[in-house]
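>
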Amino acid sequence: MDFLKKYYPKRIFDRYGITSEDNYIDMLNKVGKMRGALGKGGEIDYDRVYTIILTDIRNKQLGGLSFDRLEPVSIRE
Numbered sequence: 052m053d054f055l056k057k058y059y060p061k062r063i064f065d066r067y068g069i070t071s072e073d074n075y076i077d078m079l080n081k082v083g084k085m086r087g088a089l090g091k092g093g094e095i096d097y098d099r100v101y102t103i104i105l106t107d108i109r110n111k112q113l114g115g116l117s118f119d120r121l122e123p124v125s126i127r128e
């Protein structure tokens, strides 16, 4: 989630309402409440939240994402 927040902030805001001020637990809680991933006593079922996020990524619900990041290369002559 931190990677998505850093590189794709608009997409996770549009999909889940997550902002740059949200910490990791807040992000998971927002997704859980929004998508109904609640367990006993109304507590967030984090396993379901992770499954939801991974399914959204696989089904391109967040658009095309790239998890590859290239390191800067300096060319010396």
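FYI, the numbering for the sequence shown is 52 to 128, going by the numbering used here.
Positions of the beta carbon are idealized from the N, C-alpha and C atoms, including for glycine.
Is the region 97-107 touching the region 67-87, taking contact as three or more C-beta pairs under 8 Å?
With the cut-off at 8 Å, the region 97-107 and the region 67-87 touch.
> For D98 and E122, I'd like the C-alpha separation in whole angstroms.
Roughly 32 Å between the two C-alpha positions.
> Can you tell me whether I69 is buried or exposed? The criterion is at least 16 other CB atoms within 10 Å of its CB, across all chains shown.
I69 is buried by the Cβ-count criterion.
> Would you mind giving the Cβ-Cβ distance between I63 and L116, rounded to the nearest angstrom? I have them listed as a contact below 8 Å.
With 8 Å as the limit, I63 and L116 do not qualify as a contact, their Cβ atoms being about 10 Å apart.
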